[in-house]
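Quick note, the sequences are listed as chains A and B, same order.
Residues in the first sequence are numbered from 1 upward in steps of one, following our numbering.
Residues in the second sequence are numbered from 385 upward in steps of one, following our numbering.
A short write-up of the structure that comes next.
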Amino acid sequence: MTTSLINSRSSQHADAAYLHVPFCVHRCGYCDFTLISGRDELIDVYLEALEIELSSLQSPRPMQTLFLGGGTPSHLSLSQLSRLFDLLDHWLPTTSESEFSLEANPLDLSWEKLDLFAARGVNRISLGVQTFNDDLLKVLERDHSGTQALEAIQRTRSFVDNLSIDLIFGVPGQSLDLWQQTLDLAIAAQPLHISTYGLTIEKGTSFWIRREKGMLSPLTPELEREMYGRVMDCLSAAKFEQYELSNFARPGFACRHNIGYWTGRSFYGFGPGAAQYLDGCRELNHRSVTHWLKRVQSGRSPISERESLNDEDRARELAVLNLRQIAGIDCCEFEERTGFDVHLLAGETITRFLRRGWLEATDSHVRLTREGRFVADTIVAEFL
Amino acid sequence: MNPQFIRNFSIIAHIDHGKSTLADQLLLKTGAITQREFKEQILDDLDVERERGITVKARTVAIPYQQDGIKYELNLIDTPGHVDFHYEVSRSLAACEGALLVVDAFQGVQAQTVANAYAAINNDLVIIPVLNKIDLPVVRIDEVLEEVESILGLDISDVLKVSAKKGIGIEEVFRAIVAKIPPPKGKPEEPLRALVFDSKYDGYRGVLTYVRVMDGTIRKGQKIRFLKAKIDVDVIDMGQFRPHMTACEELGPGQVGYLVTGQKELGLVHVGDTVANPQQLPSAPLPGYQVPQQMVFCGMYPIEATDFEKLREELQKLSMNDASFSFIAETSEALGFGFRCGFLGMLHMEIVQQRLEKEFEIDLIQTAPNVTYEILTRNDEVLVIDNPQRVPDSGQIKEFREPIVRVNFILATEAIGPIMQLCAERRGIYKSTEYLGPKRAQLVYELPLAEVIYDMYDKLKSITRGYGTMDYEIIGFSPADLVKMDILVKGNRVDALSTIVHRSNSDRRGRALAKRLKEEISKHQFEIAIQAAIGAKIIARETISALRKNVTAKCYGGDITRKRKLWAKQKEGKKRMKQFGEVEIPQKAFLSVLDANKDD
Ligand SMILES: Nc1nc2c(ncn2[C@@H]2O[C@H](COP(=O)(O)OP(=O)(O)OP(=O)(O)O)[C@@H](O)[C@H]2O)c(=O)[nH]1
Ligand code: SF4
Ligand SMILES: [Mg+2]
Chain A
1 MTTSLINSRS SQHADAAYLH VPFCVHRCGY CDFTLISGRD ELIDVYLEAL EIELSSLQSP
61 RPMQTLFLGG GTPSHLSLSQ LSRLFDLLDH WLPTTSESEF SLEANPLDLS WEKLDLFAAR
121 GVNRISLGVQ TFNDDLLKVL ERDHSGTQAL EAIQRTRSFV DNLSIDLIFG VPGQSLDLWQ
181 QTLDLAIAAQ PLHISTYGLT IEKGTSFWIR REKGMLSPLT PELEREMYGR VMDCLSAAKF
241 EQYELSNFAR PGFACRHNIG YWTGRSFYGF GPGAAQYLDG CRELNHRSVT HWLKRVQSGR
301 SPISERESLN DEDRARELAV LNLRQIAGID CCEFEERTGF DVHLLAGETI TRFLRRGWLE
361 ATDSHVRLTR EGRFVADTIV AEFL
Chain B
385 MNPQFIRNFS IIAHIDHGKS TLADQLLLKT GAITQREFKE QILDDLDVER ERGITVKART
445 VAIPYQQDGI KYELNLIDTP GHVDFHYEVS RSLAACEGAL LVVDAFQGVQ AQTVANAYAA
505 INNDLVIIPV LNKIDLPVVR IDEVLEEVES ILGLDISDVL KVSAKKGIGI EEVFRAIVAK
565 IPPPKGKPEE PLRALVFDSK YDGYRGVLTY VRVMDGTIRK GQKIRFLKAK IDVDVIDMGQ
625 FRPHMTACEE LGPGQVGYLV TGQKELGLVH VGDTVANPQQ LPSAPLPGYQ VPQQMVFCGM
685 YPIEATDFEK LREELQKLSM NDASFSFIAE TSEALGFGFR CGFLGMLHME IVQQRLEKEF
745 EIDLIQTAPN VTYEILTRND EVLVIDNPQR VPDSGQIKEF REPIVRVNFI LATEAIGPIM
805 QLCAERRGIY KSTEYLGPKR AQLVYELPLA EVIYDMYDKL KSITRGYGTM DYEIIGFSPA
865 DLVKMDILVK GNRVDALSTI VHRSNSDRRG RALAKRLKEE ISKHQFEIAI QAAIGAKIIA
925 RETISALRKN VTAKCYGGDI TRKRKLWAKQ KEGKKRMKQF GEVEIPQKAF LSVLDANKDD
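If you want it as structure tokens, here you go:
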């Protein structure tokens, strides 16, 4: 093994990690994540490479939070999953105190898999539901029905309490009523956590191409705004606390791992396209699965981009990430972490947005108002 | 140096006919520059010149040249061809006894060939016509010769045929220069008179004055007087351009060089001034130059108010090196403190702006350019208006006048129809047509300058597929039905967006402008009405809807870098914003006035 693979990981210690599992049955129309579909024969090779990549840690690192994302981690077979868990037990061990999340698709959640997840320490499952409306599921090119999603939720709950469901709004053809129906069903299903994402049409997706050809008409910003407003109203009425622009949880069930991203915590990243953040340096693995595979197998570093910001830029980035959280920027903590007083760093911007009613400031915090959340990008850009 | 062996000449031509390339050859063949130092159009050393591949500044070089055992000094001036820089040409011509008139062997006589040839004739210079680019696969040598003879009235019996690019026929050029161009007339022992034809500010040495000695001799260390500026200074250092600055001890009649006088103050010495010896004053100063006439004006405002003084200083430095642009301080409600700057044309304006931003690193907001108008008030006062904001209330206006130019088009006969139509649309008055040969003609029109200056050149190029050319000169002002059109953004008049338009065009331009502004101004949290108005009458309206939603749903570990870059870019686009009331208006919006004019 060359030294290049034993990179910053071996010298740095983090107690959080993200591991990317880049396999799906097929690619959904809106999805631009790092993944390959219909190439399940690569899974075993992937696991081998993952073992090599993990071993660059040189010694096991106990985890406070561990997140298996994708792609679809639940898509792996029982034996492949077992092997993955073995690797994790060794290199990234978790305890019952840790948060161990796994992303899953409804159709994968058989009793056997759920049993295995629970047995191997997974204590949080994030389920890709998107919507309960079958017509819209087809538009999104999902492979399950609304009913199947509801069944999966029920099954999951008998193994893992901490269940989160992902929902998408702003789907072409979606009305405010349809969105309300999905929200009602989601609330009724009683998960402990809900993430809601406004659909964005990214370059390179089939949605993008179809929109370019005029075959897909996105919703008006007006309607998208109402949908987002609806989420905030309904979920807070149902006793979910919004803690980030897209994330809502019952008290005590906010995702600790994700909060780590927004508070500037260090974390490891493994697998294609995964990012890690160690000692102020962010590194990004190759996004191409095969590229990542080849590099790791040949003992080379899978990292394709590395970025180390200067103190000020790092502070600005943290301000942005903090702001996307509902609690906003804790000014004292911010100064402690970065050495910058946020009011000196972005005083003019803050004043301007306070005046507009997009930000609010207390003695200790600067945060988005409800109105500000609708235009968060416009606001945060000014902090950079 | 004995003036007998000095020759001073300018190289003049229509744009791109090969002046700078010919200068390259003259430098190379005499060894003034070595093959190693050589790069194409070596005299074009400003960034803007290299970027655009055109000459902007006239450039002087002293070339040592030997012929039949006799040593000569050739003082060459490479001039720009673009119409906006004609003032550079006329200044150069006043420092010479002859001119090489370069004509492209395919394109033939073009509008600036005519304008520059006449300028040389008016200066009583000996003109040596040079047919260039004879290496091109298609040339029209006989026809072009006929054009040179019939249009310019020049003798074509021994026209030189060269390829500046391939270095063909260059020896003959040297021989013609020596044989035909008279040596300077001045005598070394006469009282000193040297013409200041350019100047420049140098960070180390202060003001550099570029002179051509007419009579007498300047010596290093002596005291000199600028007759117009009425100041005496010492010549601390002096030299020639060879083409790099090369120190020398003295300059005699005909010689060209620079003087270092240690001055740090800007704006004291002007081109056209006469340098003399205070101990031995001449009977009269040199005639100097006509003040150039600025054609377009625009406001330039620093984005950062604190840059105002810096901007003034840089404008001053720049104007030392470019006598043809003017600036005076002005204020705008919308943009704060800035300057109203005058230029010879649009390219000139662009270049000054580019130099300010690139060389001097000042971020600017530039308002849309306009021409100068005259207003006769009810009190029979004549106001000169170079800024639409200064137009008085319509009640006070007796007559609104606009500048008129005589435009000289040279084009292929089949383009006459479309160009006549274009001129008619633009309120032109037809003057004459003259056939220059079976296929080419010269068309003369009188047009309002405002209809010509912004985009007539582009229109001409597209109608004639690049082969038509034009030249124009101001002939006076005439009354027209002009109005000031204001722009209101969310109910507030933005003074820097006001324009002067012809009433017959006002509705169309108002609509076009409101539409452009709608595209340029980004959404705010409230609705923004954009209105075009003449007096109190609204003639066009657009609405920018409120920003309702702009939020990225996902920003997890792997997204952060990409998203941050995206947001940073979004902010970059907003760097040049001015807050006006509650509305932020980007720099580009101020120029959209211009685009709206072009859109129709
Ligand atoms: N084929 C050919 N091309 C030439 C010749 N002389 C100049 N050119 C080309 O013509 C173009 C313009 O040449 P320049 O020397 O920059 O012309 P210019 O007259 O100095 O142009 P301005 O200073 O902008 O008015 C360049 O691309 C030259 O390479 C020639 O003899 N033959
Ligand atoms: S299942 Fe998820 S990761 Fe896989 S293609 Fe669909 S959206 Fe993308
Ligand atoms: Mg040139």
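Glycine included, every Cβ here is placed at the ideal spot set by N, Cα and C.
Predicted model, so just to flag it, every value in this text is computed and none were measured.
- Contact between the segment 450-459 of chain B and the segment 481-493 of chain B is absent: fewer than 3 CB-CB pairs across the two stretches fall below 8 Å.
- Residue pairing from DSSP places B/T883 in a beta bridge opposite B/M869.
- For secondary structure counted as the alpha helix (DSSP H) over 4 or more consecutive residues, the segment 770-856 of chain B holds these complete runs in sequence order: 800-809, 833-836, 840-847.
- In this structure, DSSP gives B/E968 an extended state, which the three-state scheme calls strand.
- A/S236 sits away from A/S195, with the two beta carbons spaced by 8 Å or more.
- Around the beta-carbon of B/L844, 16 or more other beta-carbon atoms lie within 10 Å, marking it buried.
- Ranked by Cα distance from B/F625, the options B/R475, B/I461, B/G537, B/R932 are led by B/I461.
- Residue state for A/E222 is assigned as helix, using DSSP reduced to three classes.
- B/K564 is positioned such that its CB atom lies no closer than 8 Å to that of B/I615.
- Not one heavy atom of ligand 2 lies closer than 7 Å to the C-beta of A/L19.
- Approximately 14 Å separates the beta-carbon atoms of B/R603 and B/P662; this is outside 8 Å, ruling out the contact.
- Judged by the Cβ position, B/Q409 fails to qualify as a neighbour of ligand 3 at the 7 Å threshold, every heavy atom of the ligand being at least this far.
- At a cut-off of 8 Å between beta carbons, B/A952 contacts chain A.
- For B/L520, the shortest separation between its Cβ and any heavy atom of ligand 1 lies below 7 Å.
- In the DSSP secondary-structure assignment, B/D488 is bridged to B/N516.
- DSSP places A/H343 inside the alpha helix (DSSP H), whose first and last residues are 342-345.
- Membership of B/Y588 in any beta strand (DSSP E) is not indicated, and neither H nor E is assigned to it by DSSP.
- When DSSP states are grouped into helix, strand and coil, A/S206 belongs to the helix group.
- Looking at the DSSP output, B/K455 shares a beta bridge with B/Q450.
- Just measuring C-alpha positions, the residue of B/P802, B/N771, B/M854, B/G875 sitting nearest B/T883 is B/N771.
- Judged by DSSP in its simplified three-state form, B/E634 adopts strand.
- Along the length of the segment 286-368 of chain A, whole alpha helix (DSSP H) runs at least 4 residues long occupy 289-297, 311-323, 331-338, 342-345, 347-356, reported in chain order.
- In this structure, ligand 1 has no non-hydrogen atom nearer than 7 Å to the beta-carbon of B/I813.
- Between ligand 1 and B/H466, a heavy atom-to-CB distance of less than 7 Å is present.
- At a beta-carbon threshold of 7 Å, the residues of chain B lying near A/R324 are C939, ordered along the chain.
- Looking at the DSSP output, B/A913 bridges to B/T927.
- Sequence-ordered contacts of the segment 255-266 of chain A with chain B read N258, Y261 [C-beta pairs closer than 7 Å].
- Within 7 Å of the C-beta of A/L167 there is not a single heavy atom belonging to ligand 2.
- The nearest non-hydrogen atom of ligand 1 is less than 7 Å from the C-beta of B/H401.
- Taking the Cβ atoms as the reference, A/L199 lies roughly 6 Å from A/V171, within the contact range of under 8 Å.
- Distance from the CA of B/F422 to the CA of B/D519, rounded to the nearest whole angstrom, comes to 21 Å.
- Within 7 Å of the C-beta of B/Q425 there is at least one heavy atom belonging to ligand 3.
- Sequence-ordered contacts of the segment 718-735 of chain B with chain A are nonexistent [C-beta pairs closer than 9 Å].
- Every residue whose Cβ sits closer than 6 Å to any heavy atom of ligand 2 is listed here in chain order: A/C24, A/R27, A/C28, A/C31, A/F33, A/L35, A/G70, A/G71, A/T72, A/N105, A/G128.
- When the Cα atoms are used, B/E717 and A/D184 turn out to be separated by approximately 54 Å.
- The straight-line gap separating the alpha-carbon atoms of A/M232 and A/S164 is approximately 16 Å.
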